[in-house]
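**Student:** Here it is: the structure, laid out below.
2 protein chains.
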Amino acid sequence: MAYKENYPSALLTEAVEAISSLPGVGRRSALRLALHLLKQPSEHVHHFTGAINDLCDNVRYCRICRMISDDEVCSLCADHTRDHRQICVVESVRDVMSIEATGQYHGVYHVLGGIISPIAGVGPSDLNIQELKERVQALPSPETAEVILALSGDVEGETTAFYIYRQIEGSGIRVSSLARGLGFGDDLEYADALTLGRSIANRQLFKP
Amino acid sequence: MAYKENYPSALLTEAVEAISSLPGVGRRSALRLALHLLKQPSEHVHHFTGAINDLCDNVRYCRICRMISDDEVCSLCADHTRDHRQICVVESVRDVMSIEATGQYHGVYHVLGGIISPIAGVGPSDLNIQELKERVQALPSPETAEVILALSGDVEGETTAFYIYRQIEGSGIRVSSLARGLGFGDDLEYADALTLGRSIANRQLFKP
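Chains as they are written, first to last, in my numbering: chain A, 1 to 208; chain B, 1001 to 1208.
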């Protein structure tokens, strides 16, 4: 009797199934990782699983911007050298890290925790939109403040941006969105028609 | 203050470090996996880490062949339809699974649990070689039995094969090793000189 589809042990099968549930990890990689972990000292494996459990059980989110944080208020919201009248609205924790990595932005953030998607069953009430609305309403003289909608350019992103715009437009706050156009270093020849068309329509004054 | 090299939370940093200790997983993938796990329901994460802990804490090895097993004797060693007088010696659990997947072998195995490697500090006493010797000695009329050395073709593999051969040659058992030569479908033009040279020297009778 060969193993065929199966693994030589039920414990190994369970571990491979669990590991292959991760995105981008197939059953072959999962087997490789399971056998790697099996060869490690037991403290190492417990440290590995402990760090993951710890993250998922004890993670906290900033009371103000809903970013992952060790404290009640995250390090960005607690930083008085940043511009607290510029609020950059993003889908996820990862987007904050991407924008921070550019070093080009010195305002604060608001993490929605997802994007409006009727197909995935995510509506406005599943996201931190009400919190954003309250945050904008609490700003003194909102007409001198700004909300930057840094959402993706697909249908869900546009829908979410439009929904948020409708929620906060009455406050008089300036609402902007990310510039769209050709990427730096992009070749005209390979640009899609929509991007190219929009970057002609939204052309900018040449600054030599 | 941007995050720079760091992550927004110490818990996230710990989890990313732990996940990126896996082979072939960089820090970017580790971050992606950590944020994925963070979005899962807590039971799912506990099931994931539990399956890994369970594997590493409770795994058992077959008393006879040292393969991963749920029982004291693995399903292959317990299978009386297999030829127990053919013992295929392999480096790892994974090799057993690879050979089983071919469906071409109907004997039993012996898992060494590694390979002799002075550089990595692995000597013969770290492997299940003594167990193999005792197993061979316990075979009745060993001259009708066979040990197949299915080890890799590099220096460590050859060294280990030679060491095992010296340990068991006195018993009169037949010792064979895997056929080496061009792979099926391999192009002569791209074969390395050593493989090509050996496959000329070890040429086989043409069977049309």
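Using N, Cα and C, we set each Cβ at its ideal position, and we do this for glycine too.
So is B:Pro1118 buried or exposed if we call it buried at 16+ other beta carbons inside 10 Å?
**Tutor:** Classification for B:Pro1118: exposed.
**Student:** So is A:Asp70 in contact with chain B if we call contact Cβ pairs under 7 Å?
**Tutor:** Interface residue, yes.
**Student:** Is any beta-carbon of chain A found at less than 7 Å from that of B:Pro1008?
**Tutor:** It does: the Cβ of B:Pro1008 has a partner Cβ on chain A nearer than 7 Å.
**Student:** Per DSSP, what kind of secondary structure is B:Arg1203 in: helix, strand or coil?
**Tutor:** Correct three-state label for B:Arg1203: coil.
**Student:** In chain B, which residues lie less than 8 Å from A:Ile52 when you measure between Cβ atoms?
**Tutor:** In chain order: Ala1015, Ala1018, Ile1019, Ala1034, Leu1037, Val1045, Phe1048 and Thr1049.
**Student:** What does B:Val1059 reach in chain A if we use C-beta pairs closer than 8 Å?
**Tutor:** The answer, in chain order, is Ser9, Leu11, Leu12 and Leu38.
**Student:** To the nearest whole angstrom, what separates the beta carbons of B:Leu1038 and A:Leu55, a pair I think is in contact under 8 Å?
**Tutor:** B:Leu1038 to A:Leu55, Cβ: 6 Å. Contact.
**Student:** Under the three-state reduction of DSSP, which class applies to B:Gly1197: helix, strand or coil?
**Tutor:** In the structure shown, B:Gly1197 sits in a helix (DSSP, three-state: H, G or I).
**Student:** Measuring alpha carbon to alpha carbon, tell me which residue in A:Asn128, A:Leu127 and A:Leu178 is nearest A:Glu146.
**Tutor:** If we check each option's Cα against that of A:Glu146, A:Leu178 comes out closest.
**Student:** With distances taken Cα to Cα, identify the nearest neighbour of B:Leu1149 among B:Gly1121, B:Ala1191 and B:Asp1095.
**Tutor:** Minimum Cα distance to B:Leu1149 is reached at B:Asp1095.
**Student:** Could you check where the beta strand (DSSP E) with A:His251 kicks off and where it finishes?
**Tutor:** Missing from the structure shown is residue 251 of chain A; chain A here goes from 1 to 208 and no further.
**Student:** For B:Leu1182, report the span of its alpha helix (DSSP H) as first-last.
**Tutor:** Looking at the DSSP string, B:Leu1182 is not in any alpha helix (DSSP H), and its letter there is neither H nor E.
**Student:** At which residues does the alpha helix (DSSP H) containing B:Ile1168 begin and terminate?
**Tutor:** Val1155 to Ile1168 is the extent of the alpha helix (DSSP H) around B:Ile1168.
**Student:** In the DSSP output, what is B:Cys1062 paired with across the bridge?
**Tutor:** Answer is none; B:Cys1062 lacks a bridge partner.
**Student:** Sort A:Pro140, A:Ala10, A:Thr144 and A:Ile173 by Cα distance to B:Tyr1061 and report the nearest one.
**Tutor:** Closest by alpha carbon: A:Ala10.
**Student:** Quick one, which of A:Tyr105, A:Leu33, A:Thr195 and A:Val175 has its alpha-carbon nearest B:Val1093's?
**Tutor:** Of the candidates A:Tyr105, A:Leu33, A:Thr195 and A:Val175, the one whose C-alpha sits nearest the C-alpha of B:Val1093 is A:Leu33.
**Student:** What do you get for B:Ile1168, buried or exposed, if any count of 16 or more other CB atoms within 10 angstroms of its CB means buried?
**Tutor:** B:Ile1168 is buried by the Cβ-count criterion.
**Student:** Can you tell me whether B:Asp1071 is helix, strand or coil according to DSSP?
**Tutor:** B:Asp1071 falls in the coil class under three-state DSSP.
**Student:** Mind pulling the chain A residues with CB within less than 7 Å of B:Cys1074?
**Tutor:** The contacting residues are Pro8.
**Student:** Which term fits A:His44, buried or exposed, when burial requires 16 or more other beta carbons within 10 angstroms of its beta carbon?
**Tutor:** A:His44 should be labelled exposed.
**Student:** Closer than 8 Å is the cut-off here; do at least three beta carbon pairs connect the segment 1133-1141 of chain B with the segment 1068-1077 of chain B?
**Tutor:** Cβ pair count under 8 Å is below three, so no.
**Student:** Determine the closest residue to B:Arg1085 out of B:Gly1107, B:Asp1070 and B:Ser1098, with distance taken between C-alpha atoms.
**Tutor:** Here the closest residue by C-alpha is B:Gly1107.
**Student:** Would you tell me roughly how many angstroms separate the C-alpha atoms of B:Ala1201 and B:Leu1182, rounded to the nearest one?
**Tutor:** Spanning the two alpha carbons is a distance of roughly 12 Å.
**Student:** For B:Cys1065, would you say it is in contact with chain A, using Cβ-to-Cβ distances shorter than 7 Å as the test?
**Tutor:** B:Cys1065 does not count as touching chain A.
**Student:** Considering only DSSP beta bridges, list what B:Ile1119 is partnered with.
**Tutor:** DSSP output for B:Ile1119 lists no bridge partner at all.
**Student:** Which residue comes first and which comes last in the beta strand (DSSP E) that contains B:Gln1086?
**Tutor:** Start and end: Asp1083 to Val1090.
**Student:** Hey, does B:Pro1023 have any beta-carbon neighbour from chain A nearer than 7 Å?
**Tutor:** Cβ-Cβ to chain A under 7 Å: yes for B:Pro1023.
**Student:** Exposed or buried, which one is B:Leu1194 when buried takes at least 16 other CB atoms within 10 Å?
**Tutor:** It is exposed - the Cβ of B:Leu1194 has fewer than 16 other Cβ atoms within 10 Å.
**Student:** Pop quiz: B:Tyr1109 and B:Val1090 are said to be a contact at Cβ under 8 Å. What is the actual Cβ separation, rounded to whole angstroms?
**Tutor:** Indeed, because the Cβ distance is near 6 Å, the residues count as touching under 8 Å.
**Student:** Taking the straight line between their C-alpha atoms, what separation do you get for B:Ser1199 and B:Phe1206?
**Tutor:** Taking the straight line from one Cα to the other gives about 13 Å.
**Student:** Given a threshold of 16 other Cβ atoms within 10 Å of its Cβ, counted over all protein chains shown, does A:Val155 qualify as buried or as exposed?
**Tutor:** With fewer than 16 Cβ atoms within 10 Å of its Cβ, A:Val155 is classed as exposed.
**Student:** Is B:Arg1094 close to chain A, meaning its C-beta is less than 7 Å from at least one C-beta of that chain?
**Tutor:** Closer than 7 Å to some Cβ of chain A, the Cβ of B:Arg1094 qualifies, so yes.
**Student:** How many Å lie between A:Met97 and A:Glu131 at the Cα?
**Tutor:** Looking at the two C-alpha atoms, the distance is approximately 21 Å.
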